[in-house]
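Student: I have a structure I would like to understand better, so I am pasting it below and will then ask my questions one at a time.
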Amino acid sequence: AEAGPIVTLPENFEIVTPRELPPPEPRKETKWEKFAKERGMGPKGKRDRKVFDEGTGEWAFRHGYQKANSKDVEWPIMEVKRNDDPFAE
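808 is the number of the first residue of the sequence shown in our numbering; add one for each residue after it.
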């Protein structure tokens, strides 16, 4: 009544199924890719979200709120009366 192993499978058991289509051929190089390779041009890198702000000495966002190297900090909005010169200090 006690049955041992009925079937022993080989260790490297692998089912190889045939492909429906042949594997794709390697893609041909376009004229631009050939030209860029001759000139030694590589792909452009992705631009970082943060850049180094030399005014504050910290890393800040490239665009938007509190962006780096913004001119808003240098020229704040000032109230000027009618006959006053806004550029005279």
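Yeah, the Cβ is synthetic: ideal placement off N, Cα and C, and Gly gets one too.
Keep in mind it's a predicted model, so treat the numbers as computed, not measured.
1. Specify the secondary structure class of residue 818 as computed by DSSP and reduced to three states.
2. At which residues does the alpha helix (DSSP H) containing residue 838 begin and terminate?
3. Is residue 909 helix, strand or coil when you go by DSSP?
4. Nearest by alpha-carbon distance to residue 856: which of 847, 848 and 872 is it?
5. Can you check whether the CB of residue 860 is closer than 7 Å to the CB of residue 876?
Tutor: Taking the coordinates as given:
1. coil
2. 838–846
3. Residue 909 lies beyond the range of the chain shown here (808 to 896); nothing can be said about it.
4. 872
5. yes
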